[in-house]
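>
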Amino acid sequence: MTIKRYLIETALRKRETLTLIEDNYSIVENRVAEVWIPELPEESLPEPTVAIDGSRNRKSFAGYVLYAVGAGKVLYEGGKRVKGKEEFLVDIGLLKPEEYSDSRIRMLMGILEFKLALKECETVSFILLDGSVVGAIVRPSVFNYEVPSELKSEVEELFWSSLVPGYSLDSINSTEFYDDLKEIASGREFAIAAGYLEYLEYLYSLYLLLKECSEKIISVSKHSDSRKYSLDPLLPDIAVLNLLNLPPGYSRPGKLAVSEMKFKFPESFEDKLGRFVFNSFFFRLPKGNVLKVETFMEAERALSVLRYYGVKGYPYPLRDVHELVKIRNKDLEFTVELLKHRGVTGRESLGE
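Listed below in structure tokens is the structure:
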């Protein structure tokens, strides 16, 4: 006997009591009707468009992590992908020690995504980003609070005096300074110092992208914790919108100012990132789920592009690049074999 029997019994007992919507459905539908525009702007053949996505994977060993991160782009012109114009940025490395590895790997992937988008800024009219760009700004905050003030000052000095002058769009520059960090930190503090340096490069890359390419960015996310429409006491708006059988359309756009968020950046980035204000709204294409957009352009212009590229309810270039850039488990295992890395995972005794 396994636990599956007990899961089945519990599911059958609870299936009538697990509900998502707290209020009466008609009340919720009325709230949604006030914000939902049941039509989409006319699609138009977009000018050159690039879609950017990232991927990450990791293999945990006892006390450290081997990671692989990557970013990819596909170029579309005349509505079709330009063959041979795919491009990828990749990094592989060890995070020693393991502390904060999840946050660090996410940031390393983000750095590559932002840099790849920056490389395309001058040659395209639209940049499609997978995920929330506002979420990218506020998400990896742990290193801004965990780093002791003296160590933070030393890392910032290293960043502005050495990393920024040699900043490159072809690699993650932070990894070049790990030896410098070993001179001022060790153990858990090294993980914090390295994470903070990576965080600064992450914010700097994102700042450059927003500063230089703002008028071209359309970020599309499948998840959101936004409650700006107050559709339900507990659920975020996107959950409510996806529960209803809404016609293709979009929600009333609103402004989303970074400066109004309850969030603190490192001092040198407060003014740099705090000045950005996004247009934010949800939308649904035919046969698709509700998605969220954050952009600097007018909603109708962004939607005309997204509608043109819509296939089965999702912008096809983003699906296209997602499949190309995905780092699968078998890819990672093959990479470990190429590296001839023989570490102990700690799960060998379980036969795994």
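With this note's numbering, letter number 335 in the sequence shown gets 329, and the count goes up by one each step, no holes. Backbone N, C-alpha and C fix where the C-beta goes; we use that ideal spot for every residue, glycine too.
(1) Between the Cα of R75 and the Cα atoms of K324, F328 and L312, which residue gives the shortest distance?
(2) With a threshold of 7 Å on Cβ separation, who are the neighbours of E183 within its own chain once the five nearest residues in sequence on each side are excluded?
(3) Is it buried or exposed for G78, if we count other Cβ within 10 angstroms and need 16 for buried?
(4) Please go through the same chain and pick out, in chain order, the residues whose beta-carbon is closer than 8 Å to the beta-carbon of L39, but skip the five residues on each side of it.
(5) Using the rule of at least 16 other Cβ atoms within 10 Å of the residue's Cβ for burial, across every protein chain shown, is E346 buried or exposed?
(6) In this structure, what does DSSP give as the bridge partners for S49?
(7) CA-CA distance, F277 and V29?
(8) Report the partner residues of I86 according to the DSSP bridge assignment.
(9) Kindly give me the distance between the Cβ atoms of V319 and G125, rounded to whole angstroms, as I take these residues to be in contact under 8 Å.
(10) What residues in its chain sit with their C-beta under 6 Å from that of P35, if we drop five residues either side in the sequence?
(11) For R52 versus I99, is the C-beta spacing smaller than 9 Å?
(12) For E331, tell me which candidate among L60, E264 and V315 has the shortest Cα-Cα distance.
(13) Buried or exposed: where does N167 fall if 16 or more other Cβ atoms within 10 Å of its Cβ makes it buried?
(14) By Cβ distance below 6 Å, which residues in the same chain neighbour R246 in space, the five residues on each side in sequence not counted?
(15) From what residue to what residue does the alpha helix (DSSP H) around R278 run?
(16) Could you tell me which residues DSSP puts in a beta bridge with T43?
(17) If the criterion is Cβ atoms closer than 9 Å, does the pair S215 and L122 meet it?
(18) For R9, does the three-state DSSP call read helix, strand or coil?
(19) Rounded to the nearest angstrom, what separates I2 and L204 at their Cα positions?
(20) Among P260, Y244 and M255, which has the Cα closest to the Cα of N283?
(21) Note down, in chain order, each residue of its chain lying with its Cβ closer than 7 Å to the Cβ of P142, except the 5 sequence neighbours on either side.
(22) What distance in whole Å lies between the Cβ atoms of S218 and P230, which are believed to be in contact at a cut-off of 8 Å?
(23) Suppose you measure from the CA of E342 to the CA of P260; what does that come to, to the nearest Å?
(24) Keeping to the same chain, check which residues put their C-beta closer than 7 Å to that of K109; ignore five residues upstream and five downstream.
(25) Closest to V26 by C-alpha separation, out of T4, S135, L235 and S119, would be which residue?
The structure says:
(1) For this step, residue 75 is matched to residue 81 along the sequence shown. In terms of CA proximity to R75, L312 leads the group K324, F328 and L312.
(2) Numbered from 1 along the sequence shown, position 189 holds the residue referred to as residue 183. Apart from the 5 residues on each side of it in sequence, E183 sits with its Cβ closer than 7 Å to the Cβ of L145 in its chain, given in chain order.
(3) Numbered from 1 along the sequence shown, position 84 holds the residue referred to as residue 78. G78 counts as exposed, since fewer than 16 other beta carbons sit within 10 angstroms of its beta carbon.
(4) Within the sequence shown, numbered from 1, the residue matching residue 39 stands at position 45. Excluding positions up to five away in sequence, the list reads G72, G73 and Y302.
(5) Counting from one through the sequence shown, the residue named residue 346 turns up at place 352. With a pLDDT of 47 at E346, under the threshold of 50, the predicted position of this residue should be treated as unreliable, and no value is reported.
(6) Here residue 49 is taken as the residue at index 55 of the sequence shown, counted from 1. Note: S49 is bridge-paired with G64 in the DSSP secondary-structure output.
(7) By one-based count along the sequence shown, residue 277 stands at place 283. By one-based count along the sequence shown, residue 29 stands at place 35. Per the coordinates, the alpha-carbon of F277 lies some 11 Å from the alpha-carbon of V29.
(8) By 1-based counting over the sequence shown, the position of residue 86 is 92. Residue pairing from DSSP places I86 in a beta bridge opposite A62.
(9) Here the question's residue 319 lines up with position 325 in the sequence shown. Here the question's residue 125 lines up with position 131 in the sequence shown. Contact doesn't hold; Cβ gap of about 13 Å is too wide.
(10) If you number the sequence shown from 1, residue 35 lands on position 41. Correct list, in chain order: E294, L297 and S298.
(11) In the sequence shown, residue 52 corresponds to position 58, counting from 1. In the sequence shown, residue 99 corresponds to position 105, counting from 1. Yes. Within cutoff.
(12) Within the sequence shown, residue 331 is the residue found at index 337, counting from 1. Here the closest residue by C-alpha is L60.
(13) As a first step, residue 167 is located in the sequence shown; it is residue number 173 there, counting from the start. The residue is buried, with at least 16 neighbouring Cβ atoms inside 10 Å.
(14) On the sequence shown, residue 246 is found 252 positions in, with the first residue counted as 1. In chain order, V29 place their CB closer than 6 Å to the CB of R246, counting only its own chain and leaving out the 5 sequence neighbours on each side.
(15) Here the question's residue 278 lines up with position 284 in the sequence shown. DSSP places R278 outside any alpha helix (DSSP H); the residue lies instead in the beta strand (DSSP E), whose first and last residues are V271 to R278.
(16) Along the sequence shown, one-based indexing puts residue 43 at 49. In the DSSP assignment, T43 forms a beta bridge with Y70 and F120.
(17) The sequence position of residue 215 within the sequence shown is 221, counting from 1. The sequence position of residue 122 within the sequence shown is 128, counting from 1. No.
(18) As a first step, residue 9 is located in the sequence shown; it is residue number 15 there, counting from the start. The answer is coil: DSSP assigns R9 none of H, G, I, E or B.
(19) As a first step, residue 2 must be located in the sequence shown, where it is residue number 8. As a first step, residue 204 must be located in the sequence shown, where it is residue number 210. Approximately 49 Å, taken between the alpha carbons.
(20) Stepping through the sequence shown from its first residue, residue 283 is reached at position 289. The option with the nearest alpha carbon to N283 is Y244.
(21) Within the sequence shown, the letter at position 148 stands for residue 142. Leaving aside the five residues that flank P142 on each side, none in its chain has a CB nearer than 7 Å to its CB.
(22) Your numbering for residue 230 matches position 236 in the sequence shown. Your numbering for residue 218 matches position 224 in the sequence shown. P230 to S218, Cβ: 6 Å. Contact.
(23) For the purposes of this step, residue 342 is identified with residue 348 of the sequence shown, where counting begins at 1. For the purposes of this step, residue 260 is identified with residue 266 of the sequence shown, where counting begins at 1. The predicted position of E342 is uncertain, since its pLDDT is 47 and thus under 50; a value taken from the coordinates is nonetheless stated next. Counting only the Cα atoms, P260 lies some 42 Å from E342.
(24) As a position in the sequence shown, residue 109 is number 115, starting the count at 1. L83, L163 and S199, listed in sequence order.
(25) In the sequence shown, the residue the question calls residue 26 occupies position 32. V26 has its Cα closest to that of L235, out of T4, S135, L235 and S119.
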